[in-house]
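Each residue of the sequence shown is one higher than the one before, starting from 1 at the first, in the UniProt record's numbering.
Here's the structure we're looking at; comments come further down.
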Amino acid sequence: MCVFKPKNEEERIIWNKLIPRADRTLEMSNYVCELHFQSECVDKTYTTVLSDGSLFTMDRGIPLLKSGSVPTIFPNLPKYLHTIKKRKSPKKRSLSAQKQQKPNQFESNRTSQNNFENVTIVSEPFSTNETPLISFTFDDLRNGLKCLNLPNSSWAYCCTNSNIIFSRWKEIKNDIIVAIGSKLNLKIIINNTERYLPEFKLPEVSRFKNLELIIHKINEISNVCEGVCIAR
Numbered sequence: 001m002c003v004f005k006p007k008n009e010e011e012r013i014i015w016n017k018l019i020p021r022a023d024r025t026l027e028m029s030n031y032v033c034e035l036h037f038q039s040e041c042v043d044k045t046y047t048t049v050l051s052d053g054s055l056f057t058m059d060r061g062i063p064l065l066k067s068g069s070v071p072t073i074f075p076n077l078p079k080y081l082h083t084i085k086k087r088k089s090p091k092k093r094s095l096s097a098q099k100q101q102k103p104n105q106f107e108s109n110r111t112s113q114n115n116f117e118n119v120t121i122v123s124e125p126f127s128t129n130e131t132p133l134i135s136f137t138f139d140d141l142r143n144g145l146k147c148l149n150l151p152n153s154s155w156a157y158c159c160t161n162s163n164i165i166f167s168r169w170k171e172i173k174n175d176i177i178v179a180i181g182s183k184l185n186l187k188i189i190i191n192n193t194e195r196y197l198p199e200f201k202l203p204e205v206s207r208f209k210n211l212e213l214i215i216h217k218i219n220e221i222s223n224v225c226e227g228v229c230i231a232r
């Protein structure tokens with residue numbers, strides 16, 4: 001998966017007008033995923049004519065965005081979400097009413113007070129605006145990506161029907177990839193090698209804050225060993 005950035009200010013202005021993101025402005029340092037460009041706009045091969053007149057084609061190491069190409073594909077755009085206040089079940093409302101009507105009953109008995117607090121904790125998810133963790137899904141994550149707080153402008157993301165891919169870019173290549181599958185499974189790839197990083201004690205992808213924490217922790221890997229490089 002490749003990303004591209006505008007070559008100059010004029011191109012940045014054109015791209016910014018075409019990208020339907022009212023919440024942010026495309027900057028010169030920002031990248032746009034190749035999935036937002038028509039396939040014919042991205043050149044992934046070299047083609048040359050051999051001495052006998054035949055064509056020889058080979059894959060490019062890094063795909064090239066053809067001059068004048070603009071992003072035009074924007075499927076599955078996130079919709080504005082409305083928070084719906086959850087209605088307590090009759091049992092939970094009854095417990096709340098008992099607490100308001102008989103506050104003195106529990107003030108004189110420390111043991112009873114502790115028991116009562118243990119009961120009211122059960123209704124806590126119904127009294128907050130946050131969705132209970134058990135209902136957090138891949139679609140919830142994909143629809144809320146625009147609200148995600150990434151570490152800095154070197155991070156970009158793109159979505160498919162079954163994956164969300166975050167990548168940290170340095171110059172023209174990415175050194176870190178964080179992939180989230182449709183079952184919220186996590187995969188971390190550093191310099192084309194999958195890593196597990198048990199020393200980071202990363203949480204499960206069960207809420208937006210956890211995903212932010214994962215990416216911010218991984219971003220602390222400032223000096224990634226690039227292994228053996230071949231000079232060109």
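For glycine and all other residues, C-beta sits at the position ideal for the given N, C-alpha and C.
Here the structure is a predicted model, which is why all the values come from computation and not from measurement.
Q.
Per the DSSP calculation, N163 is bridged to which residue(s)?
A. Mapped onto the sequence shown, residue 163 falls at position 163. Answer by DSSP bridge pairing, in chain order: G181.
Q. Using the beta-carbon count (16 or more within 10 Å), is residue 237 buried or exposed?
A. One cannot answer for residue 237 here, as it falls past the ends of the chain, which runs 1 to 232.
Q. Between Y46, Y31, L65 and E11, which lies nearest to L152 when the distance is taken from Cα to Cα?
A. As a first step, residue 152 must be located in the sequence shown, where it is residue number 152. In the sequence on display, residue 152 carries Asn and not Leu. That would be Y31, whose Cα lies nearest to the Cα of N152.
Q | Coarse secondary structure for C158, derived from DSSP in three states | A | In the sequence shown, residue 158 corresponds to position 158, counting from 1. If DSSP states are grouped into helix, strand and coil, C158 belongs with the strands.
Q. Can you tell me the Cα-Cα spacing of N192 and I218, whole angstroms?
A. Counted from its first residue, the sequence shown places residue 192 at position 192. Counted from its first residue, the sequence shown places residue 218 at position 218. Cα-Cα distance, rounded: 15 Å.
Q: List the DSSP bridge partners of W169.
A: Taking the sequence shown and counting its residues from 1, one reaches residue 169 at position 169. Under DSSP, W169 takes part in a beta bridge, and its partners are N174.
(Q) Can you tell me whether L65 is helix, strand or coil according to DSSP? (A) The residue given as residue 65 occupies position 65 in the sequence shown. It is a strand residue.
Q: Below 8 Å on the Cβ atoms is my guess for V178 versus I221; work out the distance and round it to an integer in Å.
A: Numbered from 1 along the sequence shown, position 178 holds the residue referred to as residue 178. Numbered from 1 along the sequence shown, position 221 holds the residue referred to as residue 221. Contact between V178 and I221 does not hold, since their C-beta atoms are separated by about 11 Å, which reaches or exceeds 8 Å.
Q.
With H, G and I counted as helix, E and B as strand and the rest as coil, what does DSSP make of residue 233?
A. Missing from the structure shown is residue 233; the chain here goes from 1 to 232 and no further.
Q: Within the same chain, show all residues whose beta-carbon is closer than 7 Å to that of E124, passing over the 5 residues directly before and after it, in chain order.
A: For this step, residue 124 is matched to residue 124 along the sequence shown. Low confidence applies here, because E124 scores a pLDDT of 37, under 50, leaving its location unreliable; read the following figure in that light. Closer than 7 Å at the Cβ level, and outside the excluded window around E124, lies no residue.
Q | Nonlocal neighbours in the same chain, by C-beta distance under 8 Å from K170, ignoring five residues either side | A | The sequence position of residue 170 within the sequence shown is 170, counting from 1. Its chain contains S154 as the residues whose beta carbon lies nearer than 8 Å to that of K170, once the 5 sequence neighbours on both sides are disregarded; these appear in chain order.
Q | Nearest neighbour of Y168, chosen from S206, I188, K201 and E11 [CA to CA] | A | Residue 168 sits at position 168 when you count from the first residue of the sequence shown. Looking at the sequence provided, one finds Arg at residue 168 rather than Tyr. Closest option to R168, Cα to Cα, is I188.
Q | Inter-residue spacing [alpha-carbon to alpha-carbon] between G227 and I62 | A | One-based indexing of the sequence shown puts residue 227 at position 227. One-based indexing of the sequence shown puts residue 62 at position 62. The pLDDT assigned to G227 is 44, lower than 50, so where the model puts this residue is not dependable, and the model offers no usable value.
**Q.** Opening and closing residue of the beta strand (DSSP E) in which I19 lies
**A.** For the purposes of this step, residue 19 is taken as residue 19 along the sequence shown, with counting starting at 1. Membership of I19 in any beta strand (DSSP E) is not indicated, and neither H nor E is assigned to it by DSSP.
Q: Using the Cα positions of G181 and N8, report the straight-line distance between them to the nearest angstrom.
A: For the purposes of this step, residue 181 is taken as residue 181 along the sequence shown, with counting starting at 1. For the purposes of this step, residue 8 is taken as residue 8 along the sequence shown, with counting starting at 1. Answer to the nearest angstrom: the Cα atoms are 35 Å apart.
Q.
From the DSSP secondary-structure annotation, give me the bridge partner or partners of D43.
A. Residue mapping note: residue 43 aligns to position 43 of the sequence shown, counting from 1. D43 pairs with L64.
Q: Return yes when the Cβ of N163 is within less than 7 Å of the Cβ of E212, no when it is not.
A: Your numbering for residue 212 matches position 212 in the sequence shown. Your numbering for residue 163 matches position 163 in the sequence shown. Cβ atoms of E212 and N163: not closer than 7 Å.
Q: Using a threshold of 7 Å, state whether the C-beta atoms of R12 and P6 are closer than that.
A: Residue mapping note: residue 12 aligns to position 12 of the sequence shown, counting from 1. Residue mapping note: residue 6 aligns to position 6 of the sequence shown, counting from 1. Taking 7 Å as the Cβ cut-off, R12 and P6 qualify as a contacting pair.
Q | Nearest candidate by alpha-carbon position, reference M28, set S39, E34 and W15 | A | For the purposes of this step, residue 28 is identified with residue 28 of the sequence shown, where counting begins at 1. Of S39, E34 and W15, the smallest CA-CA separation from M28 is found for W15.
Q: Note down the Cα distance separating F166 from G53, rounded to an integer number of angstroms.
A: Looking up residue 166 in the sequence shown gives position 166. Looking up residue 53 in the sequence shown gives position 53. Each residue's Cα considered, the two are about 43 Å apart.
Q. Looking only at DSSP bridge pairs, what is I188 linked to?
A. If you number the sequence shown from 1, residue 188 lands on position 188. Bridge partners of I188: V178 and R195.
Q: Could you tell me if the beta carbon of E212 falls within a distance shorter than 6 Å of some heavy atom in the ligand NAP?
A: As for the ligand NAP, it is missing from this structure, which has no ligand bound.
Q) Short check: CB of C41 to CB of V3, under 7 Å? A) Here the question's residue 41 lines up with position 41 in the sequence shown. Here the question's residue 3 lines up with position 3 in the sequence shown. Pairing C41 with V3 gives a Cβ-Cβ distance that is not under 7 Å.
Q. Between the Cα of L184 and the Cα atoms of E194, D139, K146 and P198, which residue gives the shortest distance?
A. The count along the sequence shown starts at 1 and reaches residue 184 at position 184. Looking at E194, D139, K146 and P198, the one whose alpha-carbon comes closest to that of L184 is D139.
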